[in-house]
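Protein sequence lines, in the order shown, are assigned to chains A and B. 2 is the number of the first residue of the first sequence in the numbering used here; add one for each residue after it. 2 is the number of the first residue of the second sequence in the numbering used here; add one for each residue after it. For every residue, glycine included, the Cβ atom is placed at its ideal position computed from N, Cα and C.
2 protein chains.
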Amino acid sequence: MDSKMTCAEALLRAANSAGIDVCFANPGTTEIPLVQALDNVPQMRPVLALFEGVCSGAADGYGRMRGSPALTLTHLGPGFANSIANLHNARRARTPIVNIIGDHASWHLAFDAPLTSDIASLAAAVSGWQRKIERADDTVRDVKAAIAASMQRGGQVATLVFPMDFQQQLEKSDRPLDNSPPEACKLPLASRGRIEDIARCLHDRPSVTFLLGGPALTERGQRAAAAIAEYLGAKLYAETFPARIERGRNLPDVDRLPYFPEPAIKALSGSRHVILVGAREPIAYFGYENLPSRLAPDGSVSALAEPGEDAVEALEALATALGVKPVSINRPAQWSAAPEGQLSPQAIGSIIAQTLPEGAIVSIEGGTCGYPFATASAMSSSCTLLTNTGGAIGQGLPVAIGAAIACPDRKVIALQSDGSAQYTIQSLWTMARESLPIVVLIASNHRYGVLQTELGRSNVAHLGAASAALTSLDKPKIDWQAIARGYGVPAVQVADTTALRSALSSAMRAEGPQLIEMSL
Amino acid sequence: MDSKMTCAEALLRAANSAGIDVCFANPGTTEIPLVQALDNVPQMRPVLALFEGVCSGAADGYGRMRGSPALTLTHLGPGFANSIANLHNARRARTPIVNIIGDHASWHLAFDAPLTSDIASLAAAVSGWQRKIERADDTVRDVKAAIAASMQRGGQVATLVFPMDFQQQLEKSDRPLDNSPPEACKLPLASRGRIEDIARCLHDRPSVTFLLGGPALTERGQRAAAAIAEYLGAKLYAETFPARIERGRNLPDVDRLPYFPEPAIKALSGSRHVILVGAREPIAYFGYENLPSRLAPDGSVSALAEPGEDAVEALEALATALGVKPVSINRPAQWSAAPEGQLSPQAIGSIIAQTLPEGAIVSIEGGTCGYPFATASAMSSSCTLLTNTGGAIGQGLPVAIGAAIACPDRKVIALQSDGSAQYTIQSLWTMARESLPIVVLIASNHRYGVLQTELGRSNVAHLGAASAALTSLDKPKIDWQAIARGYGVPAVQVADTTALRSALSSAMRAEGPQLIEMSL
């Protein structure tokens, strides 16, 4: 090891030797030695964002697509705080993420300078693992521990605080950096006994619903699950907000469990067994008066594979136990009559599904068009959908950035509601800066649709002045074309299906990012 | 009390009866009963922001100008998390803020639904006081406690978590709401003995520097301090980042202590006594190798009034003890030759200072033009400056919103660096929505200037590829006029002093918000 290497550089080299090659960063003064060290580690690509929530959301998208740790670099407690909302989503998605937070010089911390805050308390809410580097010499050991931790429990957020003085110190160790990447995230096997118990339960083909989540939503998982379901006459659902689900007409049509509790309860009712495969027990998104939190029938729930366990292996073992083999599927593309005229969420979902190029990645945020498209994607070319796992909004655009950087050969679509897009609108700039092949589709209805729906659910006949003021976004209407151009992203507005088809078709051919405002 | 009132409504009425008349909100489903309750409490003005950091920053600006508690409403842990950075600044500013966070229904929390997180851990980092409402019947008591807490210790952040089911329950209490507002934030008096000790110390007029902060920077505080300083031949500084400082040619010229440690140490050197008046001991903003954290000479520091104590009363008591009287000041407006030609930070500072209408409020964020203007404001019409107290960036635009709402008769200027403006760029929309008389001035140099300065301080001759990529904002250059128009704010770009003067002059006359990009 070069004896002139700083500990900042040693950390980056250790991360890079573990396979991490991108750093999603919004640095400040306490990260300057890390910024300088990046000059010496050109194999680590720095991706700058104008706001930290873009960094953490991009890391989430990158980690979901790569299945290996993503790296963020943020500035002290307040900078890190801006990344928390999207780290909350990453925590729910079990995405492996390593956050490096620069901190004050260790000897300066006690003086409570203006930017000092309780970083550990902030990090605790989203991190499965956290540590502060206590001595410069521990740097390499600690970052390796953070990387390893990020791949535990099926993937989690690991946060490492790096005081500025330690970043600047020279790495003293003469141990060479271990260049072998740590083993990939290995999921523990589900209990064999549990699988056998479930196989026995299913022997007489009772009414069964499988709820798939996590790795069960890979192609292999879905094929095994579909074969089992076909054999048993069972229902098959994906969790409502999967971190990642493969879709398309070459795969079983595993629709998502409905969002609202009433249809979800209905979907699960009548099932003697609701079998979880990498999914958590279905729980109402919010607690509603006179509706239960638990959505599955009492006593029906069992787990073939817990979240964080190897759900694919469990499904294949169950298929073997039941004597069924995964089937290959290839539905012909049968589209119902092409929708024409004004845009509606259904028409938008259907047109996008028809237009998707093979291998596209679709980052979905917002219910308006997200559900219709997800349903329609059963008939599309093979694609990957990424959804908002934790409900912290402002997730879709950054996740699209991370997915595009993780998979440079695939087209990325960000299907986004207008309200939620605003929380991390600065994403557009990073898309332009990195020339990412992302088509941003804004479903623009100039209101917080979900909140107006909730007001409707509580029997509000018409909105009062305050309810209207707090749920409508029409005064002023955001000019999406202007915002996009402001950040260097070409944009158009469409109001009917013909214009949408034409805009989509040119946007899919463009090299860099494009934004289409779809007026509803 | 109307027996049909929900606890959500009771909370709002209790807050309103304590003098709170604005709610800076970005609600979600768990705040729907509060949104509905706002329909019944029209004297509480709901102000919607597209991002929670705008809410908390606006609350900070409102609280600083009103000197009474400001109210925010955010959505669970992730929504609240987005407000933390600006609450960090508010904590440093000792601004009285009450955060209401909607939470899941109490009976739903245990099921760990997607949006569930450790709110208490997040709130701890910024809140001087926090509580969760444990029973619906405690609602009014708890919000009163939160309001009272926000005014303790010279002002602090108080956070109250309000489960959705309790919001919906009917208020059972037949106690009428107490309509008398709680007593205003009364600062405890500084120790009389301490004041007398200091007066004795100063009797033989040793070399003294006064460092003023908090209430010492009001007009009364500055006049008393100036009289004392004149009598003693003492130096007078304001803390580097005051929450609020009155400026103008009718006031003593109290410049801010320099930001970088070297000039700050020089400014304080030679002082036998550095006397703190409502300010904290001067500490280096960051810890730099070979420079001390403490900026004042060893053993020189004593406090006439601690932060959170009544600094004005302490200064007036000291003046009396020394036998001096506050003087009235009215410097003639003597401007050096009007700067011409290309824009420079000095020219910008000087032109704004010359243009300020009487009573303007200037929210300053970013060093590029902030320091030159603050210095130049010694010669301006009387005005109030608000600065970034905690270093969490994205503070200037939201604070301008809050100040404009708190003081509808005063013109507000947001003097803003381009990098920092992006963190809460959604502020522009709220400015347009509320037609606020704010002139946004963007000092646009398309880089993170402070980071390039820091890289320069660490003897970097030229920027490496990564250092350049992480500190420059010129690829693509943000089109500020497009962004502003996208949010409904008219905008112009200026590149020389003549154009800036002309643009400022029309912007000052406009009723709603205006943005001027000042190209550097």
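**Message:** Following a CB-centred definition, is B/S345 positioned closer than 7 angstroms to any heavy atom of the ligand SAH?
**Reply:** This structure simply doesn't include the ligand SAH, nor any ligand for that matter.
**Message:** Quick check: the Cα distance between B/Q131 and A/S421, rounded to an integer number of angstroms?
**Reply:** 28 angstroms
**Item:** Nearest to B/P262 (by Cα), restricted to the options B/A226, B/L292, B/I246, B/K236
**Value:** If we check each option's Cα against that of B/P262, B/L292 comes out closest.
**Prompt:** Just how far apart, CA to CA, sit B/P298 and A/G391?
**Reply:** The alpha-carbon atoms of B/P298 and A/G391 are separated by roughly 51 angstroms.
**Contact under 8 angstroms by Cβ, B/L77 with A/A126** = The Cβ-Cβ distance between B/L77 and A/A126 does not fall below 8 angstroms.
**Prompt:** In chain A, which residues lie less than 7 angstroms from B/Y286 when you measure between Cβ atoms?
**Reply:** A114, P115
**Request:** Let me know the secondary structure DSSP gives B/L429 once reduced to three states.
**Result:** helix
**Request:** Have a look at B/L321 and B/A379 and give me their C-alpha separation to the nearest angstrom.
**Result:** One point to set straight first is that residue 321 of chain B is Thr, not Leu, in the sequence displayed. Answer to the nearest angstrom: the Cα atoms are 27 angstroms apart.
**Prompt:** So what's B/A469 in DSSP terms, helix, strand or just coil?
**Reply:** helix
**Prompt:** B/V490 and B/I517: beta carbons closer than 8 angstroms?
**Reply:** no
**Request:** Could you have a look at B/H89 and say whether DSSP puts it in helix, strand or coil?
**Result:** helix
**Request:** Could you tell me which chain A residues have their CB closer than 8 angstroms to the CB of B/R434, listed as they occur along the chain?
**Result:** K476, P477
**Asked** Given that B/V36 touches chain A, what residues does it touch there, using C-beta distances under 8 angstroms?
**Response** Simply L452, L456, A467, S468, L471, T472.
**Asked** For the beta strand (DSSP E) that A/N100 lies in, which residues bound it at each end?
**Response** 98 to 104
**Asked** Just how far apart, CA to CA, sit A/A38 and A/G20?
**Response** 17 angstroms
**Item:** Backbone secondary structure at A/D497 - three-state DSSP
**Value:** Residue state, collapsed to three classes: strand.
**Request:** Using a Cβ-Cβ cut-off of 8 angstroms, state whether A/A11 counts as contacting chain B.
**Result:** no
**Item:** Three-state secondary structure assigned by DSSP to A/M519
**Value:** strand
**Item:** Chain-order list of residues whose beta-carbon lies under 8 angstroms from that of A/L323 (same chain, five-residue window excluded)
**Value:** Around A/L323: A200, L203, I229, Y232, L233.
**Message:** Once the 5 residues before and after B/A375 are set aside, which same chain residues still bring their CB inside 7 angstroms of it?
**Reply:** R257, I365, L386
**Prompt:** Considering only C-alpha positions, which residue in the set A/W430, A/A354, A/R93, A/D419 is nearest to A/L505?
**Reply:** A/A354
**Message:** Quick test of your reading: A/D61 and A/I98, contact by CB under 8 angstroms. State the CB separation rounded to the nearest angstrom.
**Reply:** Rounded, the Cβ-Cβ distance is 7 angstroms, consistent with contact.
**Asked** Closer than 8 angstroms, CB to CB, is A/P444 near chain B or not?
**Response** A small fix is needed here, since residue 444 of chain A is Ala in this sequence, not Pro. Cβ-Cβ to chain B under 8 angstroms: no for A/A444.
**Request:** Note down, in chain order, all residues in the stretch 50 to 67 of chain B with a beta-carbon under 7 angstroms from any beta-carbon belonging to chain A.
**Result:** L51, F52
**Asked** Does any C-beta atom of chain A lie closer than 8 angstroms to the C-beta of B/A19?
**Response** Closer than 8 angstroms: no.
**Prompt:** What in chain C is Cβ-close to B/S118, meaning under 7 angstroms?
**Reply:** No chain C appears in this structure, whose protein chains are A and B.
**Item:** Residues sharing a beta bridge with A/W130, DSSP
**Value:** A/A159
**Message:** Please return the same chain residues whose Cβ sits closer than 8 angstroms to the Cβ of B/R136, not counting the five positions on each side in sequence.
**Reply:** F167
**Message:** Quick check on DSSP: helix, strand or coil for A/T210?
**Reply:** strand
**Asked** Does the Cβ of A/W481 have 16 or more other Cβ atoms within 10 Å, making it buried, or fewer, making it exposed?
**Response** buried
**Between the CA atoms of B/I101 and A/P358 - distance to the nearest angstrom** = 46 angstroms
**Item:** Cross-strand partners of B/T385 (DSSP beta bridge)
**Value:** B/E247, B/I362
**Request:** Return yes when the Cβ of A/A315 is within less than 8 angstroms of the Cβ of A/A191, no when it is not.
**Result:** yes
**Asked** How should A/A82 be labelled, buried or exposed, when 16 other C-beta atoms within 10 angstroms of its C-beta is the threshold for buried?
**Response** Flag for A/A82 reads buried.
**Asked** Unbroken beta strand (DSSP E) runs of length 3 or more, entirely within the stretch 285 to 314 of chain A: which are they?
**Response** 302 to 306
**Request:** Taking C-beta pairs closer than 9 angstroms, name the residues in chain A that B/L39 reaches, listed in chain order.
**Result:** G465, A466, A467, S468, A470, L471
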